[in-house]
Amino acid sequence: MTKEDILDALRGVKYPPYSRDIVSFGMVKYVKAGDGRAEVRIFTGGAEDSAKKVLEDASRMLAEKFPGAEFDVKLLSEDPSKKVSVRAESVPEGLAGVKFTVAVASGKGGVGKSTVAVNLARAFARRFSAGGAARVGLMDCDIHGPSATVLLGKKVFPTVNGNQKIVPPETDGIKAISMGMLVDDSQPLLWRGPMVTGAIKQFAGEVEWGGLDAMVLDLPPGTGDAVLSAVQTVPISGVAIVTTPNELAAITAARGAAAFEKSGVKILGVVENMAYMPMPDGSKEYIFGEGFADGAAEKLGVEVIARIPIDKSLHTASVSEQSRKIFDELAGKILPF
Numbered sequence: 002m003t004k005e006d007i008l009d010a011l012r013g014v015k016y017p018p019y020s021r022d023i024v025s026f027g028m029v030k031y032v033k034a035g036d037g038r039a040e041v042r043i044f045t046g047g048a049e050d051s052a053k054k055v056l057e058d059a060s061r062m063l064a065e066k067f068p069g070a071e072f073d074v075k076l077l078s079e080d081p082s083k084k085v086s087v088r089a090e091s092v093p094e095g096l097a098g099v100k101f102t103v104a105v106a107s108g109k110g111g112v113g114k115s116t117v118a119v120n121l122a123r124a125f126a127r128r129f130s131a132g133g134a135a136r137v138g139l140m141d142c143d144i145h146g147p148s149a150t151v152l153l154g155k156k157v158f159p160t161v162n163g164n165q166k167i168v169p170p171e172t173d174g175i176k177a178i179s180m181g182m183l184v185d186d187s188q189p190l191l192w193r194g195p196m197v198t199g200a201i202k203q204f205a206g207e208v209e210w211g212g213l214d215a216m217v218l219d220l221p222p223g224t225g226d227a228v229l230s231a232v233q234t235v236p237i238s239g240v241a242i243v244t245t246p247n248e249l250a251a252i253t254a255a256r257g258a259a260a261f262e263k264s265g266v267k268i269l270g271v272v273e274n275m276a277y278m279p280m281p282d283g284s285k286e287y288i289f290g291e292g293f294a295d296g297a298a299e300k301l302g303v304e305v306i307a308r309i310p311i312d313k314s315l316h317t318a319s320v321s322e323q324s325r326k327i328f329d330e331l332a333g334k335i336l337p338f
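Counting in our numbering, the sequence shown runs from 2 upward without gaps.
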């Protein structure tokens, strides 16, 4: 029993008084299936009696189609995709040639968000930059705690061209810019909000990004000035929320993601980092537990789109084949083309 099997069954459930089914109406917001059980979340947006009828019909249809399976079918009180937008309405000059921009965010620090951002950019580069000029960008918006340069494994520096534009250095098929390239590692940045906002606007508008197929924004944890500035400055196509198999991390991830929804940014899914330890016999040891990332995803009406193992090679330029495959699959799920 897969997600598609469940959706096929729910296509037999009509939304009264119409003859059209709830799947084609877009009312099925979340489906998670596995091990003989499934969770389904539905939002109708209509009258209470119609919603109750849909819930009853959906529960009955699934029970008939999959006898013996367990189903948790619930109605959502609000549409998770309905947003009040405060996001960027115009494209900064420097980003005019960028086709797709994904932000990588987290509710709290220490979950490996930057590791996910850098390796996602590498996965994009394997698709778009192979054998030619860099077609992928990485903008490190964590002004106070930049780490992109460390994770890329090379100390590189931007230059300035004849038009007084900042030219980002290229490494591994990625054009990257980070405050870590502009200040000494030992120098603390005691900047208030307006200066942080100014730096992000400069990264977006005064960097010569050129034509890019994909851009990754590595956002700082939480929902402070830098995150709000990025949302209001950069036209973000969607955001991936990073968490770990930890209850507190999952709770703060869901809370932080809700802020993006209110800003009109689409939540692409939840990425569970440090999900398990790969064992020599091929098994997986879930040393930090299981289930909390799934709970966060359910609250947001999205899915867990990747489970990243504990793998020290992710912090190097030579990523293991297993982790490389996981990030390639994640890139495929995120990209719309």
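All residues carry an ideal CB built from backbone N, CA and C; glycine is no exception.
Check	Outcome
Counterpart residues of E171 in DSSP-defined beta bridges	K176
Beta carbon of D141 nearer than 8 angstroms to that of G95	no
Reference Y31, options E5, K54, Y19, closest by Cα	E5
CB of I23 within 8 angstroms of CB of V14, strictly	yes
Closest residue to S25 among L11, R38, A149 (Cα-Cα distance)	L11
Within 8 angstroms, strictly: CB atoms of V272 and L183	no
Where the beta strand (DSSP E) through F101 begins and ends	F101 -> no beta strand (DSSP E), and no H or E assigned at all.
Limits of the alpha helix (DSSP H) - the one that K326 falls within	322 to 335
Backbone secondary structure at D73 - three-state DSSP	strand
Any 3 or more C-beta pairs closer than 8 angstroms across the segment 60 to 78 and the segment 205 to 220	no
In chain order, each beta strand (DSSP E) run of at least 3 residues that lies wholly inside the segment 271 to 326	305 to 308
For K166, three-class secondary structure by DSSP	coil
A134 to G174 span [Cα, whole Å]	7 angstroms
Same chain, Cβ closer than 6 angstroms to E171, five either side skipped, listed in chain order	A135
Option in I252, P279, K263 with minimal Cα separation from V112	I252
Whether P310 touches P279 by CB criterion (8 angstroms)	yes
Residue of M62, E49, L77 minimising C-alpha distance to M28	L77
Short Cβ contact (8 angstroms threshold) for V352 with D295	One cannot answer for residue 352 here, as it falls past the ends of the chain, which runs 2 to 338.
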